[in-house]
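Trainee:
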Amino acid sequence: QKITDELLTMAKEIYNRADDLVINFEGAEIGISQEYLLRLIIEVTDNALKFSKAGNKVIITGKKDFENYIITVVDTGVGFIINSTNDIGPFKQFNRRKFEQQGLGIGLHLAKQLIGFNRGEFDVQSREGQGTTVTIKLPLLENS
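The sequence shown lines up with residues 203 to 346 when you count with the numbering used here.
1) How do the region 318 to 330 and the region 247 to 256 stand: do at least 3 beta-carbon pairs fall below 8 Å, yes or no?
2) How many whole angstroms separate the CB atoms of residue 337 and residue 272, which I take to be in contact at a CB cut-off of 8 Å?
3) Is it buried or exposed for residue 226, if we count other Cβ within 10 angstroms and need 16 for buried?
4) Tell me which residue opens and which closes the alpha helix (DSSP H) that residue 207 is part of.
5) Beta-carbon separation of residue 248 and residue 212 under 8 Å?
6) Can you tell me where the alpha helix (DSSP H) holding residue 255 begins and where it ends?
7) Can you grab the Cα-Cα spacing for the pair residue 210 / residue 279, in whole Å?
8) Look at the Cβ atom of residue 215, then the Cβ atom of residue 264, and state whether they are nearer than 8 Å.
9) Kindly indicate which residue of 241, 235, 203 and 275 has the alpha-carbon position closest to the one of residue 222.
10) Report all residues from its chain with a CB closer than 8 Å to the CB of residue 342; omit the five preceding and five following residues, and keep chain order.
11) Give the list of continuous beta strand (DSSP E) stretches no shorter than 3 residues that lie fully inside the region 223 to 282.
12) Pick out whichever of 208, 224 and 243 has its Cα sitting closest to the Cα of residue 317.
13) With DSSP collapsed to three states, give me the class of residue 180.
14) In whole angstroms, give me the CA-to-CA distance for residue 262 and residue 224.
15) Which residues in the same chain have their Cβ closer than 6 Å to the Cβ of residue 246, if we skip the five residues on either side of it in sequence?
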């Protein structure tokens, strides 16, 4: 619930887009601290809101899948060209010349690092002009 509240607050106060967020998390115990989980979901959702238009939905889901918890963040925004997650690095902003951006370009890199430190997997699929899907896979705690 705390993560949902934080995401809605960010969408409302920074982007005036609380109605654009669709959030559906299935409860589970995940092998990552709540602080790290919150930070990585905020970073990915911030990008989704920043690079999609008001009125277009940003859909965030979380569900159990065998031994993992899968989080997806989907937007229908501007998208970008990415060959692999190896393209994501600190201070790298995609489409910098096309879309003037605020910030340092560390959001996706930070999320990627937090996921890696917690034995997770990170995938980004994006098509320029169509949107982006970020998939995060984190291990469930045993007995979840």
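All C-beta atoms, glycine included, are put in the ideal place defined by N, C-alpha and C.
Mentor: Quick answer:
1) no
2) 7 Å
3) exposed
4) 204 to 217
5) yes
6) Careful: residue 255 lies outside any alpha helix (DSSP H) and carries neither H nor E.
7) 19 Å
8) no
9) 275
10) 230, 231, 232, 233, 266, 269, 270 and 271
11) 223 to 227, 260 to 267 and 270 to 277
12) 243
13) This structure gives no information on residue 180, because the portion of the chain shown stretches from 203 to 346.
14) 6 Å
15) 275, 313 and 336
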